[in-house]
Structure formats: C-alpha cells, structure tokens
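Undergrad: Those sequence lines, one after another, are chains A and B. Here this note's numbering is used: the first residue of the first sequence is 1, the next is one more, and so on. Here this note's numbering is used: the first residue of the second sequence is 1001, the next is one more, and so on. Backbone N, C-alpha and C define an ideal beta-carbon position, used for all residues, glycine too. I have a structure here, written as structure tokens, and I will follow up with some questions on it.
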Amino acid sequence: LSTSDLVWRDQETAPAKIEAALRRLVSECTVQNQHCVPARTLNLVCVVDREWSGEIANRLRRVGRYHASRTVVCTVEPKRDTIDATASVSTDDNGQAGGFVAMRELVIVNVGERHLRHLDTIVDPLVVTDLRTAVWSPHGHPEAVDALTTGHAGGTAVAQDVLLDSVDEPDVLAALDRVCELADRIDVVDLAWLRCTPWRERLAAAYDPPHRRPELDTLSKVSIRYAADSLVSGLLFVGWLCSRLGWRAEALTRHGDLLRGRARARRGEVERRLEPVEGMRVPGLSGIETRSDLGTLLALERGEGGLTARRVERDGEEHVWTVLGASRGEPGILGEGIRHALMRDAPYKGSLGAARGMLR
Amino acid sequence: MSTAPQGLDENPLVAGLERLPVHPTALVIFGATGDLARRKLLPALYNLAHEGALPERFGLIGNARSEMEHDEFRQMAIDSVVEFSRRTPDEKVLHKLFEDVRYVPGSFDDDSVYGQLGELLGEFDAAAGLPMNRCFYLSTAPGFFPVIIDELGEHGLARSDDADVRVIIEKPFGRSLQEARELNQRVLSVFGEQQVFRIDHYLGKETVQNVLALRFANNMFEPLWNRNFIDNVQITASEDIGIGSRAGYYDSAGALRDLVQNHMLQLLSLLCMEPPVAFEADPVRDEKVKVLRAITAPRIEEVPDMAVRGQYARGVAAGEEVPGYLEEPGVAPDSTTETYAALRLEVQNWRWAGVPMYLRTGKRLARKVTEIAVTLKPVPHLAFHTDEGPDVKPNVLVLTMQPNEGVSLSIGAKIPGTRMAIRTVNMEFLYGTAFLSQSPEAYERLIIDAMRGDATLFTRNDEVEAQWNICDPIVQAWSELPGPLPQYPAGSQGPTEAEQLLVGDALWRMI
C-alpha cells in the first residue's frame, strides 16, 4: 500500500496546468526522499463512468505489482462542462534499506461526455512521452477509445494498446466485430483471450513430446466448456486451434445452448462443440477435450492446484494427473492485461479472425 | 484467417506462448535435505509450479543420508518452501507439487540407492505413460560428485534410449586446475558434455544476463567497447557480512575460489566477449572461452605484482563491533585463508590489449555491492577552465548487479550559473522502474533451462578449466607464502596493499 502521498487538486483546470503540477510533484517527491525515483513502465488511461469509478479504483488497486507507472483516470459525468483534476504521487515506504523506491503517479480527471470525442487533446499532455500507453474503457465510451487510438488531425495516436474484456459486451458478434476493427489499427489486449492462456499452454505441452505431435493432425473432435458469460473465450480458443492447425472452419450452428460446427483439416473433418456451464463463479473456460482418429482422448478441467488432466490412450489405458499452476484470479487477469500491454501476442489476431469467422 | 500448419517437427501450438513446454521430467536431488536444497532448490521448484512453468508431468525424488520416510521428506519440502519461497505459497499448488514426491535414504556410494532410484524412475514413466527425461541434481559436498557420477554410470542411469538424461553439478567444480580436469574426465567418462550442466548461479541472474543485452542490443556502446576508448575495468563483488557459520567451507576455500574463479571471471567474460552469432549454448560459450584463453596465466613469481589478498580484522560494521576473521568460530587462529582478493588481469587480444581489468571481492567490506565499472579514457583536450570547480572526470559506465540493479553513466555537465564550470553528474537507469515483471530467482531459470536442455547459462568443461588456468598459479603462490596476511578493518574498503595493483591514475572505486 502507498504510505506517502503528494497531492494536487484544481477545479475548472486545463491539461497544461495538470501536467505542470505532475512535474512539480515528481520533483518534490525526489527532493523529500532521495531514494524515490519515477517508474517508467507504462501509461494507463482509464475512461470510466463517474458513478462506477470506485469499483474500477478497487480493481486497479488489486492488480498487485503489475500496475502502470502513470495512471490517468478520466471519470465521465454526462453533463459536465469543465475539467476538474487531482494529481498524486505516492511511494511505498517499505523499500529495502539502501534500495530505491519507485513512485506511482495517478491523475484523476473529471470530464463530461462532450469532452470524449477529443479526449486525446486532454490526455496527451498527461502521459509520459516515449512510454507505451494503453487505454482501458470498461464502461464503453467507444468515442473516447477512438479519440485516443486515432491520431488527432492525422497525427500520432496517444495510445498504442487497447485493453478490453470482450466478455463485457453481451452481444458476442458485436464484441468480436469491435475488437476486429480495433485490432486492424492498434494492438489489442483482450482479457477474454488471456484467460485462455493457461489452457493454451497445457494443450501445447500435452502435444509437445515429439511422438505426440503427429496426433495434432488426427484430431477429430474438440469440445470446449465455458462459463455462461464467456463464449468469446471459447470462440477465441477454438479460433486459436483453427488458426494454428490450419483448419478451415465452417460457421457454428446453435442447438439450444450448444454451438456446433465442423472444420476442414488436412486429413479430414474436425467436429467442434462449445457448451456453456452454468454456475461458474469466474469467467473463462471450464474444460476442454480433444479426441483423435487414433482413439486417443485428452481432457483438461479446472482442479485443485492446477488443471486436472486425463489422457486415454488408443488401447484404453487411462492416465490422470494435475498440471500444476496457481490461479491468477480476476485481479490477476487485469494485472496480466496491463503487463501484456508491453508485449506482443502474435497468435491473437489469427485466433480472433478465425473466431469471428465461426459466427458469420 | 488461417495459418498453414508448420511441419510437425515443430509444435505449431507453442507460437506466442511465454512459457514454452518442457518435456516431462523426473528430477532427482542428491543432498535433498541440505541447505541449498532447502533454501533454493525446493522453493525454486515451487515457484516454477506456481507459475505453471514446470513440465506437464513432473516427478521429484530426494536422496540424502538421513533416514526418513516419503511423508517426512514431503513435510520437510513443504516447510522449506513456506520458509524460503520468494512468494507466499498457494496451499493447493504446494501440496499437489509434493503429493507424489519420493525419498530414497542412503549414502552416495550405496548401490541399493541407485537400484531404488531406477525403480522409482520406472514407476514415474509408467504413471506418465511415456518415458520421462531424467535430471540428476548433485547438490552435495563436491567430494561426493565423482562417486555419484560413477554410480549413476554403473547402474545404467546415465543413458536412456527413450529419454534425455542430464546431470546438474553445483559449484565448486574442483579446487584447482588439476582437480577440475580430473573431475571433468570423470564426468565425461560417464556423460556426454551435452548432458552436463555445471551451475554458476550468477549466470541465472537477470542482471548478469542484462550485461549481454546492454552490449549486444544497443549500438551506442560497441564503437567505444575497446582499448581505444576504455581506460580500465573494475569488477567488484563485496559483502558487508562476515563468514557467519560457514567457517568449515570458507576456511578451506577463501575468496579467490569462492567468487573470483567462477562468478567474477564469468562477469569478465561476458563483458569482454565478442558478439556471439546466436544466443545459444555453444556460440555464447565459445566466445567466453576465447576471452579466458586470452588472459595469460601469471607465473608464480609474477603473482605478488598482480594479486593481493587480505583478511578482515576486528572493526565496526553497521555500527556494531565485529570480530576479525581469525577470531571467528571455527577458524584456526593461524589461518592463511584470504577473505579479500584483488587481481589485475589483462585480456591479450586485439580489442582489449593494454586495458587493465581489476577484480576484487571480499567479506566484511563497507557495503554489499556487485558491479562492473567501465572507465573511459579522458577527453584529449578540455577547453573549459576547471579551476572553478571539481575536475572533469572521465565517463564511467557502471553496471550494477546488486543491490540496485541498473546502469549508470557519469557525464560532465555545466553547473548552473554564469560561468562555464563543469561537474560530473550521473544518468541513472534502474531496472526495477522500467519493467512490470518480477525477476525469477536464478535457480528457477537454471533448473528449467537444464530440464529443457539449454546449456547457454551453464559452464562448459573447457570454460571451467580456462578459469582455473588463470587462478591456479595464484592459489599456488599464496599457498607457498607464509602468513600473516595483510589485514583490513571490518567495514573498510579493504587492504591498502590493493592500491599497488592500480596502473596510472586509476583509483579503486568507493565500495
């Protein structure tokens, strides 16, 4: 927890005044504590509804060590005409003796809906130049995201990454369309995709021993179970398989809650099934199962201390084990998202394209 | 959009994954109840498990002389993780990790131990439904390395038709060139070099690997990185603590064997090596070995001119009076073991000829720091008057490994005012302020690399021998010189005799 803070507040203010105040606060902090240094990892711009800003603040607080070095929170009030701002610089006092203490810089800017179309002109002076900037707009406000990710008057965009959670959008098709549109012009970090990462790692590991790799060419059925609100994660996971294994996927068809479809692989057809699981307390996947023409089966399920894996060989011999790994939890997923804004995730776009294609 | 599958020689599912799969592996730790296992290896395994980085199928077998059951060893392993892990353990992961752990009691020369190990490894294979790779970790006193190696060979555990077998050997790798050669011969009579992973845990540290990143990912340093621009290099690994309870080990090793022969020569190699053609095991190690071979080993009579040793005497550290080395429990009052060593070396090649390379390490010095300081030559002509302020000093690039991992560059800057007065200021970069990820412990990186078969961060046989080739004459010369050794007060900068190593205007940096 932050234990020392320098705070500046102003009403009816302007970006230049906020930026000057930030510089002053950073300078004061280093004067007060010679071990205090500005961190320079990432700018995170959050656009949130004023009435839900407390919840967002809580989520940001719980991301742990993966916090941005400068966070600019734009709280949106529908009828506001002027800009109020609070800037603060805080440090952890529990740095090791003789070590340094990194600063956290936070700016809260209260804006109106009328400011959102040109939010880039407000935020631009507030982010640290030459650092990557990610924008997270969990309450919608696409016009603000567009402003921050499209260069003003043909210039360079303020943000280079969009952080989003496509499970937040109730209309899956609209969610994927929006992400596809964003991904065409900017790097996207999708929490729905990051929730698939441990599953991708496990499946990749299961088929990694050289004698098991040929089985990938013989897969005949893939079944995915997902939390009821997380169809996007299921689609992205199947999209990833299609993209990486060169499957040409037909559109999925709905049979009650179940989505089914076939994909054309090099050696034959692959049946795909996506099924929701009611009552899961966290978003993401619940289990995956692959079957091959050879008669082998691999199943991964959420379990204690990791994923429970079950493999059935072609002679019917069955092995069950735990693939170790701690759950990151939802705060951990947001932290991972912030961390991933500094990384590239090459398979995402291919997986996204394939996922979108399955809903045509 | 679809991507055509790659050939199944490669796994098409690993693209873009941060954690690449590691083949199912069984790890056997010899000396599994010892200090290293409890403080470092078992916590490292836990942290790998926590992050999902362990192989999909993983088996652990501990061996030591203590009689205990599987359950007792399991509890000891859990307790060790709880006490020493860098993160608070997740109970479920912790218990799952050690759920199927096995323990084989017995001495290292006991044939039945190896018979049992073979059986347990077979059981792991059967449970996994595939042959698991084997890693044998020798976390024992070095005197046991040869017997364990021989026993593994005699019991057919050093080779497998269906899986990779690897052996991880802790330091010290020999106490002299002769011993290192003999141990290498012994190891290589049983294992192939590609199976052998000699640990120097310094190489697993992120900040040590950053020396390579700094040099070879930034174009600005390369033009300066040679004898034309660099005046001298100082590598310091100082500790503010004494030997604590390690008198038994330390008094038979000393500072030269403890730190210079391995860690500090590794740092020197990384600093001076030519760019490798690839960041892979042999290209990197080829270049490091070339540096070591370019350092001419001193003749015994030359040692007093290029090496200084010392022992800490009674003094004050962190405000407390502390005893001298000869007063430490377990140290003989006439011990001639050095607690401080300083060397001046030269790398005799086109790039570095004539540049003094100063290495120093010691216990009970003023501060704990590990750093490489590269001092550039002064500008050929200074147009500014310097009588109005401190002298303009040559630029110094300092790579700090601990405690504050980072890079600093001292530069001359104008003092604000109406006069053109110059003062040296520092441009500082701290790794901790620029990255979100937490650095893994060195052992986490090294264990997973060994399981993966990547030897880039391990020491090759010729590298160890080249290191000993430099240090051996110094060990020999010092063993022939009578005591007492030069003394330095605890909490000081070290013995004043170290000044005599410096060439020209060079000064030791303040510790």
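Should B:His1095 and B:Pro1055 be called a contact, given that it needs their Cβ atoms to be closer than 8 Å?
TA: Result no, Cβ atoms of B:His1095 and B:Pro1055 do not sit closer than 8 Å.
Undergrad: Quick one: what's A:Pro38 bridged to in DSSP?
TA: Looking at the DSSP assignment, A:Pro38 forms a beta bridge with A:Met103.
Undergrad: Express the C-alpha separation of B:Gln1487 and B:Ala1253 in angstroms, rounding to a whole number.
TA: Their Cα atoms are separated by approximately 18 Å.
Undergrad: For a test of the three-state rule: what should DSSP assign to A:Tyr66, helix, strand or coil?
TA: If DSSP states are grouped into helix, strand and coil, A:Tyr66 belongs with coil.
Undergrad: Mapping DSSP to helix, strand and coil, what is B:Ser1437?
TA: In this structure, B:Ser1437 counts as coil in the three-state DSSP scheme.
Undergrad: Whose C-beta lies closer than 8 Å to the C-beta of B:Ser1002 among residues of the same chain, with five residues either side of it excluded?
TA: Because the pLDDT of B:Ser1002 is 38, which lies under 50, any placement of that residue in the model is unreliable, and the question is left without a value.
Undergrad: How is the beta strand (DSSP E) around A:Gln221 delimited, first residue to last?
TA: Going by the sequence as given, residue 221 of chain A is Lys instead of Gln. 219 to 227 is the span of the beta strand (DSSP E), which, as asked, contains A:Lys221.
Undergrad: Nearest to B:Thr1361 by CA position, among B:Leu1267, B:Pro1440, B:Pro1276, B:Asp1305, is which residue?
TA: When each option's Cα is compared against that of B:Thr1361, the closest is B:Leu1267.
Undergrad: Does A:Pro142 come within less than 8 Å of chain B when only Cβ atoms are used?
TA: So no, A:Pro142 is outside the interface.
Undergrad: Applying the criterion that 16 or more other CB atoms from any shown protein chain within 10 Å of the CB defines a buried residue, is B:Asn1262 buried or exposed?
TA: Buried.
Undergrad: Are the beta-carbon atoms of A:Val162 and A:Val232 separated by less than 8 Å?
TA: Contact flag unset, no.
Undergrad: Can you name the residues that DSSP bridges to A:Pro142?
TA: Partner(s): none; A:Pro142 has no beta bridge.
Undergrad: Along the chain, where does the alpha helix (DSSP H) containing A:Arg178 start, and where does it finish?
TA: Run containing A:Arg178: 172 to 183, per the alpha helix (DSSP H) assignment.
Undergrad: Let me confirm a value: A:Trp52 is counted as buried when at least 16 other C-beta atoms fall within 10 Å, else exposed. Which label applies?
TA: By the 10 Å Cβ count, A:Trp52 comes out exposed.
Undergrad: Taking a contact to mean a Cβ-Cβ separation below 8 Å, would you say B:Gly1034 touches B:Ser1139 in this structure?
TA: Yes. Within cutoff.
Undergrad: Please list the segments of the beta strand (DSSP E) lying wholly inside the segment 207 to 291 of chain A, counting only runs of 3 or more residues, in order along the chain.
TA: The segment 207 to 291 of chain A contains these whole beta strand (DSSP E) runs: 219 to 227, 253 to 255, 258 to 264, 269 to 277.
Undergrad: Could you tell me whether the Cβ atoms of A:Ala147 and A:Asp124 are closer together than 8 Å?
TA: Against a cut-off of 8 Å, the Cβ pair of A:Asp124 and A:Ala147 comes out as no contact.
Undergrad: Once the 5 residues before and after B:Lys1171 are set aside, which same chain residues still bring their CB inside 7 Å of it?
TA: Contacts found: Ile1199, Asp1200, Asn1262.
Undergrad: In chain A, which residues lie with their C-beta within 9 Å of the C-beta of B:His1095?
TA: Within 9 Å Cβ-Cβ: Glu304, Gly305.
Undergrad: Chain A partners of B:Ala1129, CB-CB under 8 Å?
TA: A small correction: the amino acid at residue 1129 of chain B is Gly; Ala does not occupy that position in the sequence shown. Going along chain A in sequence order, the residues near B:Gly1129 (Cβ under 8 Å) are Arg311, Glu313, Glu317, His319.
Undergrad: What residue does the beta strand (DSSP E) around B:His1070 start on, and which one ends it?
TA: Per DSSP, B:His1070 belongs to no beta strand (DSSP E); it is in the alpha helix (DSSP H), 1070 to 1084.
Undergrad: Report all residues from its chain with a CB closer than 7 Å to the CB of B:Val1081; omit the five preceding and five following residues, and keep chain order.
TA: Hits under 7 Å: Leu1042, Pro1043, Tyr1046, Pro1089, Leu1094.
Undergrad: Strictly under 8 Å for the Cβ-Cβ distance: is A:Arg360 near chain B by that measure?
TA: No, no contact with chain B.
Undergrad: Identify the continuous alpha helix (DSSP H) that holds B:Thr1025 and give its terminal residues.
TA: B:Thr1025 -> not in any alpha helix (DSSP H); beta strand (DSSP E) instead, spanning 1025 to 1030.
Undergrad: Tell me A:Thr296's beta-bridge partners as DSSP assigns them.
TA: BP columns for A:Thr296 are empty, so no partner.
Undergrad: With which residues is B:Arg1344 paired in a DSSP beta bridge?
TA: B:Arg1344 is bridged to B:Tyr1358.
Undergrad: I want to know whether the segment 1299 to 1318 of chain B touches the segment 1475 to 1490 of chain B - three or more CB-CB distances under 8 Å.
TA: With a cut-off of 8 Å, the segment 1475 to 1490 of chain B and the segment 1299 to 1318 of chain B count as touching, because enough Cβ pairs lie within range.
Undergrad: Which first and last residues belong to the beta strand (DSSP E) in which A:Ser90 is found?
TA: Its beta strand (DSSP E) spans residues 84 to 91.
Undergrad: In whole angstroms, what separates the C-alpha of B:Ser1176 from that of B:Glu1182?
TA: Looking at the two C-alpha atoms, the distance is approximately 10 Å.
Undergrad: Identify each residue in the segment 146 to 178 of chain A for which the Cβ-Cβ distance to at least one residue of chain B is less than 8 Å, and report them in chain order.
TA: Residues passing the 8 Å Cβ filter: none.
Undergrad: What span of residues does the alpha helix (DSSP H) with B:Pro1043 cover, start to end?
TA: B:Pro1043 -> alpha helix (DSSP H) spans 1042 to 1050.
Undergrad: Going along the segment 1023 to 1050 of chain B in order, which residues come within less than 8 Å of chain A, judged by CB to CB distance?
TA: Listed in sequence order: His1023, Pro1024, Ala1049, His1050.
Undergrad: Which residues, taken in chain order from the segment 1060 to 1082 of chain B, show a beta carbon closer than 8 Å to some beta carbon of chain A?
TA: The segment 1060 to 1082 of chain B vs chain A, Cβ under 8 Å: nothing.
Undergrad: Can you name the residues that DSSP bridges to B:Lys1414?
TA: Per DSSP, B:Ile1422.
Undergrad: With distances taken Cα to Cα, identify the nearest neighbour of B:Leu1117 among B:Ala1158, B:His1050, B:Asp1391, B:Thr1370.
TA: Comparing Cα positions, the closest option is B:Ala1158.
Undergrad: Under 8 Å, do A:Thr82 and A:Val48 count as touching if we go by C-beta distance?
TA: The answer is no: Cβ separation not under 8 Å.
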